[in-house]
Amino acid sequence: MNRLNKRIISHFFKWVPLLCAKDYCIAANSNYYVTGPRHILQHLRFASTESALNLRNGGGSPRELAKRLRSTIEEAQAALLDYFHMTRSLQFLDAENMSKNTPDFLVKLLQKVNVDDGNVERLVARYLRYHPVNEFEPFFESIGLKPSEFSSLLPQNLMFLNDDELLMENYYVLCQYGIPRGRIGKIYKEAREVFGYNYGVLMSKLQPYENFGLKQSCIAKVVASSPRLLVGSGVDPDFAEFLKKLKDVGIEYDWLEKHISMKDSYDWKCMLEAIPSLHKLGLSDKQLRRIFTSHPDILLESSGRITFLLFGSLLKFGATSNIFRKVLLEFPKIRLVKFTRNFLHCYKFLVEINMDAQDIGKIVCSHVTVLGTCELKKVKSLTNLLNCGRSRLRQLINDDPFVLKKWVLGLKLVPLPLEKIAVDVRKVKTEFLVSLGFVENSKEIKKALKMLRGRGTELRERFDCLVEIGLRREDVIKMVKSNPHVLNQSTDVLRSKADALVKELGLSASDWGDYPKILLYTTARVKLRLLMYAWLKRKRFVRAGLTLCTLLSTSDEIFVKVYVNPHRGGKVYWNGLKKRVGSDD
221 MNRLNKRIIS
231 HFFKWVPLLC
241 AKDYCIAANS
251 NYYVTGPRHI
261 LQHLRFASTE
271 SALNLRNGGG
281 SPRELAKRLR
291 STIEEAQAAL
301 LDYFHMTRSL
311 QFLDAENMSK
321 NTPDFLVKLL
331 QKVNVDDGNV
341 ERLVARYLRY
351 HPVNEFEPFF
361 ESIGLKPSEF
371 SSLLPQNLMF
381 LNDDELLMEN
391 YYVLCQYGIP
401 RGRIGKIYKE
411 AREVFGYNYG
421 VLMSKLQPYE
431 NFGLKQSCIA
441 KVVASSPRLL
451 VGSGVDPDFA
461 EFLKKLKDVG
471 IEYDWLEKHI
481 SMKDSYDWKC
491 MLEAIPSLHK
501 LGLSDKQLRR
511 IFTSHPDILL
521 ESSGRITFLL
531 FGSLLKFGAT
541 SNIFRKVLLE
551 FPKIRLVKFT
561 RNFLHCYKFL
571 VEINMDAQDI
581 GKIVCSHVTV
591 LGTCELKKVK
601 SLTNLLNCGR
611 SRLRQLINDD
621 PFVLKKWVLG
631 LKLVPLPLEK
641 IAVDVRKVKT
651 EFLVSLGFVE
661 NSKEIKKALK
671 MLRGRGTELR
681 ERFDCLVEIG
691 LRREDVIKMV
701 KSNPHVLNQS
711 TDVLRSKADA
721 LVKELGLSAS
731 DWGDYPKILL
741 YTTARVKLRL
751 LMYAWLKRKR
761 FVRAGLTLCT
771 LLSTSDEIFV
781 KVYVNPHRGG
791 KVYWNGLKKR
801 VGSDD
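Per the working numbering, residue 221 is the first one in the sequence shown, and the count goes up by one each step.
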C-alpha cells in the first residue's frame with residue numbers, strides 16, 4: 221500500500237505545476253502602471269550600485285521612499301515610451317506595452333543611469349539617444365517571454381523591430397484578431413514558424429476555424445492556449461473531432477469559449493479520448509452534458525488527465541463503473557484538482573494510521589465524495605488534539621467514515637472521552653499508587669499517572685521486582701514517589717541493572733537505595749563512571765566517599781574534565797574502559 225501511495229501521489233503532483241503555474245505578464249491595457257510598480261520593485265537589483273544605495277538611504281519614511289521609487293520608474297517608463305514611439309516610430313500601443321510591461325529590461329536600463337543626478341526622464345532619454353537598445357529584448361518581454369526564454373531567440377544581425385517585417389506583420393494580425401499582447405509570447409515560443417509566414421498566410425490559417433462555426437473571440441482563446449493549431453493546413457483534425465464530440469453531447473461552442481483559459485495548454489487528442497471513455501462508463505449524452513456544464517474542469521483540467529488519475533486511483537481499490545458514474549453525477553461544488561488532492565491526502569492519512577488495506581479499499585469505494593471534500597489535519601496533530609492513539613482513529617473511521625468531516629482543517633476539536641478500557645486501566649493504576657501512600661486526586665498522583673507507562677498489574681510486578689532484588693519496601697516507595705518513571709522499565713531490565721550493580725560493581729542494595737535514579741541510567745554509563753572512579757581511588761587521585769549522585773548526574777564533558785583529564789593516564793584508561801564496557805558515549 222505504501223508503494224501504491226507513492227506512485228499515485230507522485231503521478232498526481234507531476235501535474236500540479238501545470239495546474240498552478242501563473243503567467244506574470246500583464247496586458248498592455250492593464251492598470252499595472254497606475255496601481256504601482258510592485259513587480260518592478262521585486263525585480264530591482266539596486267543594492268550593488270551606488271545609485272541604489274543613494275535611493276534607499278536618502279532618508280525619509282518608507283512611504284516617501286516608495287513614492288520616490290515609483291516616481292523614478294514612471295519617469296523612466298515615460299522616457300522609454302517617447303523613445304519607442306517618437307524616435308523609433310513604433311505604434312503607440314506597442315511602445316506603451318514595451319515601456320510598461322518590461323520590468324527586467326527596465327531594471328537593466330536603470331542600472332546604467334545615475335538616477336540621483338536629477339530628472340530621471342531626461343537622463344534616460346539622453347542615454348537612449350547615444351545608446352540605442354536592442355528592441356527585441358523589451359519586445360519579447362512585453363509579449364510574455366522571460367529573459368531566460370528569449371535570450372537564445374534574439375536575432376544575431378538585427379536590433380530594430382521594423383527591420384523584421386514578417387515578425388511585425390504576423391504580430392499585428394494576432395493583436396487585431398483579439399489575442400492580448402501579453403499572450404503572444406507563448407505562440408512565439410511554441411510555434412515560432414507562425415511569425416515567418418508571408419503576408420496573408422496567417423489569416424488563411426485562422427479562416428477555416430471561423431468557417432467551422434467558431435466565433436473570433438473563441439478562436440483567439442483557443443489559439444493563444446494551443447499555438448500549434450496555427451501550424452499545418454486547415455483545421456487540426458483532433459480539435460475538429462473534439463468539437464464534433466461536444467456537439468454530439470449537446471454542448472455549444474460558447475461553452476468552450478467561456479471555460480477555456482489562455483493561461484493553460486490543451487491536448488485535444490487527450491480530451492477527445494476522454495469523452496468516449498466516459499461514455500463507456502454508461503453515461504448518456506444528457507448526463508455528460510449536465511456533468512460538463514456543471515464541472516467543465518472534469519474535461520478541461522490538464523486535458524482530462526486529472527480525471528483519468530482519479531479514476532485510475534479508484535480502479536486500484538476495485539471501484540466499478542457504477543461507482544464512477546455516481547462520483548461524476550454527484551460531484552460536489554469543488555475544483556477537480558482540489559478534490560483529487562484531498563482524496564489522495566485522505567488515502568495517505570489512512571495509510572499513516574496503519575489501517576488495513578481491505579478496510580481502506582472499502583472506505584475509498586463507498587465514500588469517494590467524503591474523501592474528496594475533506595482537507596484533513598495531519599495524523600500527529602489529530603492524535604494530539606483528540607488525545608487518542610491511531611488505533612482509536614481506525615476504529616472511529618471504520619465505524620463511521622463521515623467522522624472525517626469533523627477532522628478537517630479549520631475546525632476546533634474537543635478531546636475524545638476516554639474509552640472504558642482506558643478508564644479501567646487508570647483506575648487500577650490509581651489504586652496501586654494509593655496503596656503506596658499517594659493521596660487520591662492530589663497533584664503528586666496526577667503527575668505520577670502522567671509519567672507511568674503500563675497497566676496497573678505491570679506496575680505492581682515491577683514494584684515487587686525491586687523488593688525482590690534486595691531493596692526495602694519503604695525505600696522502593698520512596699524511590700517511586702521521587703522518580704515514578706523508574707517503574708516504566710520491564711522486570712528483565714530492572715533485574716539486569718541490579719545484577720550489574722551488585723555482581724559487577726560490588727554495590728549492595730543499601731548502597732544504591734538512597735539514589736534510586738541510578739536505575740534510570742544505562743548500565744554502560746554507570747559501569748563506566750564507577751569503574752573510572754574506582755581506578756582513580758586506587759591511584760589515590762580522588763578522595764573516597766563521593767556519592768553516586770555526584771558521579772552519575774554530571775554530563776560526560778564535565779566528568780571527563782573534572783576527573784579524567786587531570787590524571788596523566790586518565791584519558792588512556794578512560795578510552796580503554798569505553799571499549800571494554802561497550803559504551804556508545
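Cβ coordinates follow ideal geometry from the N, Cα and C atoms, glycine included.
- Here the region 551–560 does not lie against the region 571–586, with fewer than 3 beta-carbon pairs under 8 Å apart.
- Assigned with DSSP and collapsed to three states, L766 falls in coil, not helix or strand.
- L605 sits away from L636, with the two beta carbons spaced by 7 Å or more.
- With at least 16 other beta carbons inside 10 angstroms of its own, I363 counts as buried.
- The distance from the Cβ of G454 to that of P428 is about 5 Å, consistent with a contact at the 8 Å cut-off.
- Around the beta-carbon of C438, 16 or more other beta-carbon atoms lie within 10 Å, marking it buried.
- Straight through space, the alpha carbons of T767 and P704 are spaced by roughly 22 Å.
- The alpha carbon of L301 has as its nearest neighbour, out of L289, A345 and D324, the alpha carbon of A345.
- When DSSP states are grouped into helix, strand and coil, V455 belongs to the coil group.
- Checking the DSSP bridge columns, you'll see L596 partnered with V628.
- Of all alpha-carbon atoms in V333, V340, R290 and K425, the one lying nearest the alpha-carbon of A299 is that of V340.
- The beta carbons of S446 and S485 sit about 7 Å from each other, so the pair counts as a contact at 8 Å.
- Taking E681 as reference, the option from Q709, G690 and F658 with the minimal CA-CA separation is Q709.
- Separation of L381 and A440 (C-alpha to C-alpha, rounded to the nearest whole angstrom) is 24 Å.
- Here the alpha carbon of I471 sits roughly 41 Å from the alpha carbon of A577.
- An exposed status is given to R758, since fewer than 16 other beta-carbon atoms sit within 10 Å of its beta-carbon.
- For H705, the three-state secondary structure derived from DSSP is helix.
- Within the region 387–412, the runs of alpha helix (DSSP H) that reach at least 4 residues and sit entirely inside it are, in chain order, 404–410.
- The C-beta of A764 has fewer than 16 other C-beta atoms within 10 Å across all chains shown, which makes the residue exposed.
- Collapsing the DSSP output to three states places C490 in a helix.
- CA-to-CA, the gap between G405 and I495 works out to about 31 Å.
- In summary, F563 is buried, with 16 or more beta-carbon neighbours lying within 10 Å of its beta-carbon over all protein chains present.
- One Cα belongs to G676, the other to K647, and the distance between them is close to 8 Å.
- Collapsing the DSSP output to three states places F551 in coil.
- Of the candidates D456, H515, L629 and F370, the residue whose Cα lies closest to the Cα of H479 is H515.
- For I511, the closest of E413, V792 and K546 by C-alpha to C-alpha distance is K546.
- Spanning the alpha carbons of M671 and I526 requires a straight line of approximately 49 Å.
- Look at M752 here: in three-state DSSP terms it is helix.
- A distance below 8 Å between beta-carbons, with the five flanking residues on each side excluded, links D458 to the following residues of its chain, in chain order: W488, K489 and L492.
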